[in-house]
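Each remark here refers to the structure printed beneath this line.
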Amino acid sequence: MSRSITRRTFFGLTSKIVAGVALSRPAWLNAAPERRLRLAQVGVAGMGRSDFNSLSGHAAVRYTAFCDVDRRRLDRILEHQGGGVGFYDYRKLFDEAADEFDAVVVSTPDHMHAPIAMRALLTGKHVYCQKPLAQTVAECRVLTREAHDRGLVTQMGIQIHSSMVYRLAQAIIRAGTIGKIREVHSWSDKEWGRQEEWLEPASDPVPDYLDWDLWLGVSSRRDYAAGRYHPFHWRRWTDFGTGTQGDMGCHIVDPVFAALELTAPHTLWAEGPSPYASMWPNRGICHYLFPGTRHTVGELPYHWYDGANRPDVSGFELGEERLPGQGSVFVGEKGNMVLPHIGTPQLHPRDRFPPEQVRELVRSLEVSGRNHYHDWVDTILGSGDGGTTADFEYSGPLSEAVLLGLIASRFPEEKLEWDAAEGRFSNHDAANAYLTREYRRGHEVPGLG
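At position 341 of the sequence shown (counting the first as 1) the number is 341 in my numbering, and the numbers step up by one without a gap.
Written out as structure tokens, the structure is:
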């Protein structure tokens, strides 16, 4: 696949944590030099805890610093780790402890991905960043270019990308098993969108364990409201998350993007309700046209559905089989493939792809899974055999395609023409306004916002 860039603390300290001051120094930090990677992580609960568990399982990884705006979460991870440095403000992490780590893991809500990842890159740190890579197209492009220019090792947190089932799906498509692809339909049954009762502003006391100003970060000021934002529902809000499509699209679109070697779409349009000013819609449909590749029959129509929406399966030759809650259907010249998220690819119609033939195909392709996290570590240490496969040069354009769909959702039934080389819509100035965003004063990052 072408990887061209043009493709484009505040509150009282506990007895256990002193923000910015090292706790008991683990014995391994005093040991003789060895091949190891010192990690810092921003955002340590939820997906952040999953990232920590996966990376700390690597024998050469040593966590030396953590950052989280929620004191309870920071307490727990430092107690679990038995040492390290704790911060509430990611800027102090870099200002005061940059010599203590070699690479950074970014596991925060979406709106803080780009600011933290960019600060890491500017400081010469390798980066593992959760999906989507950023919240705007402009941020994706800046991060992609900066990582490339500095020669840093990056990976986006689409860990299923390296799983056996997604790699198998890619191999099946590349082998021409169902012929060249005519169209693809993807969907997610999640509804990360508006809650009618939350549209009216609310104001609650900020818990003593949370630095609300730091949680808001680059986003505009608003009052804290219990349960609406932190720790989970931020995904619903246009200021903080990217809705269902942003949450799940990078996972589900990924095997489509990779298998078909897609570049940037040139046309897209959406159906369904537009977002409120502050919240994403609960359900919608977005249609894309991608330039053709050697794996497609001409240009590729791609369709995304979320919430209760589903593609019409009448022409997919699926028999009585129902679609999974999340996944994709590849419609090919010789048959179709249903790829559940996360599950084994299924070939249809069944009489054209009998079980024994499919088993033999899978054996012949000799596909195995990889450890997405450990590939990043090994590549940094120079001990890997395959490099990272979701670096920013791949995941930047992937995230960009997903984010373009979110912009289209703001203008239902309006066809948007995307000029990838120029990085703008050629026919819609109002849509261009959503390609970037302004950072809150005092939270600016060089090159962003």
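Ideal Cβ placement from N, Cα and C applies to all residues, glycine included.
Point to revise | DSSP bridge partner residues for S399 (one or two, in chain order) | key: Along the sequence shown, read from residue 1 onward, the residue named residue 399 stands at position 399. Paired residues: none, contrary to the question.
Point to revise | Three-way DSSP call (helix, strand, coil) for S426 in this model | key: Along the sequence shown, one-based indexing puts residue 426 at 426. The answer is coil: DSSP assigns S426 none of H, G, I, E or B.
**Study point:** Residue burial classification, F353 (beta-carbon count within 10 angstroms, cutoff 16)
**Key:** Reading the sequence shown from its first residue, position 353 is the one you call residue 353. Under this definition F353 is a buried residue.
**Study point:** Under the three-state DSSP convention, the category I181 falls into
**Key:** Here residue 181 corresponds to residue number 181 of the sequence shown, with the count starting at 1. Reduced to three states, the DSSP call for I181 is strand.
Check your understanding: Between S50 and H372, which are expected to be in contact by the criterion C-beta below 8 Å, what is the C-beta distance as a whole number of angstroms?
Key -> On the sequence shown, residue 50 is found 50 positions in, with the first residue counted as 1. On the sequence shown, residue 372 is found 372 positions in, with the first residue counted as 1. 12 Å between Cβ atoms; not a contact.
**Study point:** Neighbourhood of M279 by C-beta distance below 8 Å, restricted to the same chain and skipping five residues each side
**Key:** Locating residue 279 in the sequence shown gives position 279, counting from the first residue. Hits under 8 Å: G193, R194, Q195, W198, L199, R236, W237, T238.
Exercise for review: Could you tell me if S426 is buried or exposed, where buried requires 16 or more neighbouring beta carbons within 10 angstroms of its beta carbon?
Suggested key: Locating residue 426 in the sequence shown gives position 426, counting from the first residue. Classification of S426: exposed, given that the 10 Å Cβ count is below 16.
Review point. Which of helix, strand or coil does DSSP assign to P205?
Key: For the purposes of this step, residue 205 is taken as the residue at position 205 of the sequence shown. Coil at P205, not helix or strand.
Point to revise | N-terminal and C-terminal residue of the beta strand (DSSP E) that E271 is part of | key: As a working mapping, residue 271 is identified with position 271 in the sequence shown. Counting along the chain, the beta strand (DSSP E) containing E271 begins and ends at 267-271.
Practice item. Check the DSSP bridge columns for M279 and list the partner residues they point to. Key: Numbered from 1 along the sequence shown, position 279 holds the residue referred to as residue 279. Note: M279 sits in a beta bridge opposite W237.
Exercise for review: Have a look at A134 and G447 and give me their C-alpha separation to the nearest angstrom.
Suggested key: Locating residue 134 in the sequence shown gives position 134, where the first residue counts as 1. Locating residue 447 in the sequence shown gives position 447, where the first residue counts as 1. Rounded to the nearest angstrom, the two C-alpha atoms are 14 Å apart.
Review point. What residues are listed by DSSP as bridge partners for R62?
Key: On the sequence shown, position 62 is the one that residue 62 refers to. In DSSP, R62 forms a bridge with R38.
Exercise for review: Starting from the C-beta of W376, find all residues in its chain whose C-beta is less than 6 Å away, skip the five residues before and the five after it, and write them out in chain order.
Suggested key: The sequence position of residue 376 within the sequence shown is 376, counting from 1. Cβ neighbours of W376 beyond the five flanking positions: Y128, Q155, T388.
Review point. How many Å lie between H233 and V331 at the Cα?
Key: Against the sequence shown, residue 233 aligns to sequence position 233. Against the sequence shown, residue 331 aligns to sequence position 331. Straight-line Cα distance between these residues: approximately 35 Å.
Point to revise | As assigned by DSSP and simplified to three states, the class of S368 | key: Within the sequence shown, the letter at position 368 stands for residue 368. If DSSP states are grouped into helix, strand and coil, S368 belongs with coil.
Point to revise | Nearest residue (CA-CA) to W187, options N336, P311, L74, Q41 | key: Start at 1 with the first residue of the sequence shown, and residue 187 comes out as number 187. Looking at the Cα atoms, P311 is the closest of the given residues.
Practice item. Using a threshold of 8 Å, state whether the C-beta atoms of A226 and D204 are closer than that. Key: Here residue 226 corresponds to residue number 226 of the sequence shown, with the count starting at 1. Here residue 204 corresponds to residue number 204 of the sequence shown, with the count starting at 1. Yes, the pair counts as a contact, with Cβ atoms nearer than the cut-off.
Review point. Tell me the DSSP bridge mates of A260?
Key: Within the sequence shown, the letter at position 260 stands for residue 260. Looking at the sequence provided, one finds Leu at residue 260 rather than Ala. None; L260 has no bridge partner.
Practice item. Could you check what DSSP says for N336 in three-state terms: helix, strand or coil? Key: The residue labelled residue 336 in the question sits at position 336 within the sequence shown. Residue state, collapsed to three classes: strand.
**Study point:** Assigned secondary structure, W215 (DSSP; H/G/I helix, E/B strand, else coil)
**Key:** Against the sequence shown, residue 215 aligns to sequence position 215. Three-state DSSP puts W215 in a helix.
Review point. For the putative contact between Q170 and A259, defined by C-beta atoms under 8 Å, what is the C-beta separation to the nearest angstrom?
Key: Working through the sequence shown from its first residue, we reach residue 170 at position 170. Working through the sequence shown from its first residue, we reach residue 259 at position 259. Q170 to A259, Cβ: 4 Å. Contact.
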